[in-house]
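Engineer: Residue numbers (the numbering used here), protein chains in the order written: chain A, 13 to 286; chain B, 1370 to 1718.
Don't be surprised by glycine CBs; every beta carbon is placed ideally from N, CA and C.
#1: Is the CB-CB distance between residue 264 of chain A and residue 229 of chain A below 9 angstroms?
#2: Please return the same chain residues whose Cβ sits closer than 8 angstroms to the Cβ of residue 236 of chain A, not counting the five positions on each side in sequence.
#3: Check for me: the alpha helix (DSSP H) holding residue 31 of chain A runs from which residue to which?
#4: With DSSP as the reference, label residue 1555 of chain B as helix, strand or coil.
#5: So, does the CB of residue 1636 of chain B fall closer than 9 angstroms to a CB anywhere in chain A?
#6: Comparing C-alpha positions only, which one of A:281, A:71, A:61 and A:120 sits nearest to residue 108 of chain A?
#7: Please list the partners that residue 1484 of chain B has in chain C, where partner means a Cβ-to-Cβ separation under 9 angstroms.
#8: DSSP three-state label for residue 1502 of chain B, please.
#9: Identify every residue that forms a DSSP beta bridge with residue 1387 of chain B.
#10: For residue 1381 of chain B and residue 1454 of chain B, I'd like the C-alpha separation in whole angstroms.
#11: With a threshold of 16 other CB atoms inside 10 Å of the CB of residue 160 of chain A, please say whether the residue is buried or exposed.
#12: Work out the CA separation of residue 1610 of chain B and residue 1624 of chain B for me, nearest whole Å.
#13: With 7 angstroms as the C-beta to C-beta threshold (strictly closer), list the residues of the stretch 111-124 of chain A near chain B in chain order.
#14: Who are the neighbours of residue 55 of chain A on chain B, taking C-beta pairs under 8 angstroms?
#15: Output the distance between the C-alpha atoms of residue 9 of chain A and residue 257 of chain A, rounded to the nearest integer angstrom.
#16: Quick check: is the beta carbon of residue 247 of chain A nearer than 9 angstroms to any beta carbon in chain B?
#17: Leaving out five residues before and five after residue 1437 of chain B in sequence, what residues of the same chain have Cβ atoms less than 6 angstroms from its Cβ?
#18: Can you give me the start and stop residues for the alpha helix (DSSP H) that residue 102 of chain A sits inside?
#19: For residue 261 of chain A, which residues of its own chain have a beta-carbon under 6 angstroms away from its beta-carbon, when the five flanking residues on both sides are left out?
#20: Please state whether the Cβ-Cβ distance between residue 1330 of chain B and residue 1499 of chain B is less than 9 angstroms.
#21: Which residues in chain A sit within 7 angstroms of residue 1446 of chain B, going by Cβ to Cβ distance?
#22: Could you check which residue in B:1688, B:1460 and B:1421 has the C-alpha nearest to that of residue 1572 of chain B?
#23: So, helix, strand or coil for residue 1702 of chain B, using DSSP?
#24: With residue 35 of chain A and residue 104 of chain A assumed to form a contact (beta carbons below 8 angstroms), what rounded beta-carbon distance in angstroms separates them?
#25: Is residue 243 of chain A close to chain B? Criterion is C-beta to C-beta, closer than 9 angstroms.
#26: Short of 6 angstroms in beta carbon distance, which residues of its chain neighbour residue 112 of chain A, apart from the five on each side in sequence? Order them along the chain.
#27: Does the distance from the CB of residue 1613 of chain B to the CB of residue 1672 of chain B come in under 9 angstroms?
#28: Give the list of continuous alpha helix (DSSP H) stretches no shorter than 4 residues that lie fully inside the stretch 156-206 of chain A.
#29: Let me know the secondary structure DSSP gives residue 1658 of chain B once reduced to three states.
#30: Give me the chain B residues within the contact set of residue 41 of chain A, using Cβ-Cβ distance strictly less than 9 angstroms, ordered along the chain.
#31: Which residue wins for smallest C-alpha separation from residue 1669 of chain B, given the options B:1676, B:1684, B:1643 and B:1655?
#32: If you draw a straight line from the C-alpha of residue 1706 of chain B to the C-alpha of residue 1515 of chain B, how long is it?
#33: For residue 1575 of chain B, tell me which candidate among B:1556, B:1443, B:1602 and B:1552 has the shortest Cα-Cα distance.
#34: Given 8 angstroms as the limit, tell me if residue 161 of chain A has its C-beta closer than that to any heavy atom belonging to the ligand SAH.
#35: Please report the Cβ distance between residue 1444 of chain B and residue 1401 of chain B, rounded to the nearest whole angstrom; I am assuming they are in contact, meaning their Cβ atoms lie under 8 angstroms.
#36: With a 10 Å radius around its C-beta and 16 neighbouring C-beta atoms as the bar for buried, classify residue 238 of chain A as buried or exposed.
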């Protein structure tokens, strides 16, 4: 331990923590925060409504109310067309919880306290995303179960079926990173409550989630065909029902990688700056 | 009462800040602030909203980087050795930084784990703190149902989980009702009797006076006065006896009658027909003398009473203007406080 002088104050020099120990403690922090976030989620009934009841209502609504009027050409009929779309939409909407939770913690000073503690800076965001991943898996499996009850069937074998769920979860986590940034940047629970979800409506409804893109006017098709929700849903549909995988796979991978590459650094920066 | 951590290699003050500067855009939040707190002492940073109190605390707790100047906590530079500083400090901010969905016990146990205490120790420490902060009974209920005072106590307990050497409390009683506020004072007093170094910010002179060994008054990002509560109060002139003259035509007579009792000229608020006289520390004697003096010349009064000097008085004396932007002008405990014309004008709401 040495001392350095600057001005009249002589500071005590403290050697930095070794990288190995830092990594181990960082992982521990992340797991503890994951555990906390899962516990909070389980205690909060409004999250449950968003994560489960709302998507289930969408399944029933489109299956029995709108579905009869929408003509699609897929094996098994509209319910098979619908389910990959509903799953992607639910995954995207579930990210709302991420934005709300982070904005609330920011507002209440929880994040400030964490930042004043000897804790890995990345742990709060990573813990949050890990908890959100678990939440997404649970949500998507519940929606799938409801889908099965109303007639949905995988037509393409078990491995692509699992891959479809994984793709839905990864897509949901990607949208969570966008929401994490929104929550950390807006910092106000009420504003996030009002605006945090709005951008998801055009993204999920002007897509191939519920209706074939070909039924939209031409100017809208240009957006609907090429935006990430459609490419991901097309790929999920091919995995669930059989169909060409290649092009959509590359497009989806590119979109997802792009979202992570842009919004993870943005969210981390927003967290550091507060 | 607390097991002390040690801070090797440092024997100087627990907190030192030199010429701290910080701007947010065009707003100069801190304009060269110096602070020093010896180990085991309590410093109150007193000032209205927007004076720079929170900015100073955020720099000292490594949440913000200063634009200029430097600060050491237990000898560690808050910028270059931020991680080492975080090992030694506790922070409780202006709102209760707790998770409402979780119980008091869960909140504290999670803090313990995040401080890497290990499960058993985290559990034991949580139980100990719940007991000490009078939360044992509510320990297993979600914090959502706690009163404001309980939430703040839980928040304070959370900042103590790792037995910090240096504690920062940013307006620990803002928003609390008078009873909870006095309860919080007791908790803080007990805490510092165990030897923790404490820096707290407040808008209330009375609070600073009750809790702190030394007070630093800041305004517009600068220190405008420093000293013990007593020296500050002496500069202001101590307690104030106030009354309203019922018959306005006799205001001058009343002023004449009490003039000899006042340190300096009595203040007269013509709109409210209110007269105030500074009586130093002669408190209740001066009150009795005032009653006699007014009685002798047959002047009727209303609302005669004595009050302690407030932040507004401090600012009026030190700067010639009231405490601008001080959220609500009410004194802690709501004791003996009457709104003044100066206070009403000064609070730029």
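Structural biologist: So, to answer that:
#1: Here residue 264 of chain A is taken as the residue at index 252 of the first chain, counted from 1. Here residue 229 of chain A is taken as the residue at index 217 of the first chain, counted from 1. Cβ distance not < 9 angstroms, so residue 264 of chain A and residue 229 of chain A don't count as in contact.
#2: For the purposes of this step, residue 236 of chain A is taken as the residue at position 224 of the first chain. The residues are 218, 219, 220, 225, 228 and 242.
#3: Your numbering for residue 31 of chain A matches position 19 in the first chain. From DSSP, the alpha helix (DSSP H) with residue 31 of chain A extends over 31-55.
#4: For the purposes of this step, residue 1555 of chain B is taken as the residue at position 186 of the second chain. DSSP places residue 1555 of chain B in the helix class (H, G or I) of the three-state scheme.
#5: In the second chain, residue 1636 of chain B corresponds to position 267, counting from 1. By this cut-off, residue 1636 of chain B is not an interface position.
#6: Along the first chain, one-based indexing puts residue 108 of chain A at 96. In terms of CA proximity to residue 108 of chain A, A:61 leads the group A:281, A:71, A:61 and A:120.
#7: Chain labels in this structure do not include chain C; the protein chains are A and B.
#8: Locating residue 1502 of chain B in the second chain gives position 133, where the first residue counts as 1. Here residue 1502 of chain B sits in coil by DSSP.
#9: Within the second chain, the letter at position 18 stands for residue 1387 of chain B. In DSSP, residue 1387 of chain B forms a bridge with B:1439.
#10: Counted from its first residue, the second chain places residue 1381 of chain B at position 12. Counted from its first residue, the second chain places residue 1454 of chain B at position 85. C-alpha separation (whole angstroms): 15 angstroms.
#11: The residue you call residue 160 of chain A lines up with position 148 of the first chain. When all chains shown are included, residue 160 of chain A counts as exposed.
#12: Walking along the second chain from the start, residue 1624 of chain B turns up at place 255. Walking along the second chain from the start, residue 1610 of chain B turns up at place 241. In a straight line, the C-alpha of residue 1624 of chain B is about 12 angstroms away from that of residue 1610 of chain B.
#13: Under the 7 angstroms Cβ criterion, the stretch 111-124 of chain A contributes 120, 121, 122 and 124.
#14: Along the first chain, one-based indexing puts residue 55 of chain A at 43. Within chain B, the residues near residue 55 of chain A are 1470, 1471 and 1511.
#15: This structure leaves residue 9 of chain A out entirely; chain A is present only between 13 and 286.
#16: Against the first chain, residue 247 of chain A aligns to sequence position 235. No, because no Cβ of chain B sits closer than 9 angstroms to the Cβ of residue 247 of chain A.
#17: Taking the second chain and counting its residues from 1, the one referred to as residue 1437 of chain B is at position 68. Once the five neighbours on either side are set aside, the close Cβ partners of residue 1437 of chain B are 1390.
#18: As a working note, residue 102 of chain A is residue 90 in the first chain. In the DSSP assignment, residue 102 of chain A falls within the alpha helix (DSSP H) that extends over 90-120.
#19: By 1-based counting over the first chain, the position of residue 261 of chain A is 249. Excluding residues within five positions, the ones whose Cβ falls inside 6 angstroms are 247.
#20: With chain B running from 1370 to 1718 in the structure shown, residue 1330 of chain B is simply not present.
#21: Translated into positions along the second chain, residue 1446 of chain B becomes position 77. Within 7 angstroms Cβ-Cβ: 23.
#22: Walking along the second chain from the start, residue 1572 of chain B turns up at place 203. The option with the nearest alpha carbon to residue 1572 of chain B is B:1421.
#23: Against the second chain, residue 1702 of chain B aligns to sequence position 333. Residue placement at residue 1702 of chain B is flagged as unreliable, the pLDDT there being 38, under the threshold of 50; a coordinate-derived value is accordingly withheld.
#24: Translated into the one-based positions of the first chain, residue 35 of chain A becomes position 23. Translated into the one-based positions of the first chain, residue 104 of chain A becomes position 92. Not a contact, Cβ separation roughly 32 angstroms.
#25: Start at 1 with the first residue of the first chain, and residue 243 of chain A comes out as number 231. Closer than 9 angstroms: no.
#26: Stepping through the first chain from its first residue, residue 112 of chain A is reached at position 100. The beta carbon of residue 112 of chain A is closer than 6 angstroms to those of 204 in its chain, skipping five residues each way along the sequence.
#27: As a first step, residue 1613 of chain B is located in the second chain; it is residue number 244 there, counting from the start. As a first step, residue 1672 of chain B is located in the second chain; it is residue number 303 there, counting from the start. Closer than 9 angstroms, so yes.
#28: Listed in chain order, they are 170-198.
#29: In the second chain, the residue the question calls residue 1658 of chain B occupies position 289. Residue 1658 of chain B: helix per DSSP, three-state reduction.
#30: Residue mapping note: residue 41 of chain A aligns to position 29 of the first chain, counting from 1. What residue 41 of chain A touches in chain B: 1482, 1483 and 1485.
#31: The sequence position of residue 1669 of chain B within the second chain is 300, counting from 1. Here the closest residue by C-alpha is B:1643.
#32: As a position in the second chain, residue 1706 of chain B is number 337, starting the count at 1. As a position in the second chain, residue 1515 of chain B is number 146, starting the count at 1. Interpretation of residue 1706 of chain B is limited by its pLDDT of 37, a score under 50 that renders its predicted location unreliable; the figure taken from the coordinates is listed afterwards. Cα to Cα, residue 1706 of chain B sits roughly 29 angstroms from residue 1515 of chain B.
#33: Residue numbering aside, residue 1575 of chain B sits at position 206 when the second chain is read from its first letter. When only C-alpha atoms are compared, the closest one is B:1602.
#34: Among the components modelled here there is no ligand, and therefore nothing to report on the ligand SAH.
#35: If you number the second chain from 1, residue 1444 of chain B lands on position 75. If you number the second chain from 1, residue 1401 of chain B lands on position 32. Cβ-Cβ separation between residue 1444 of chain B and residue 1401 of chain B: approximately 22 angstroms, too far for a contact (criterion under 8 angstroms).
#36: Walking along the first chain from the start, residue 238 of chain A turns up at place 226. Flag for residue 238 of chain A reads exposed.
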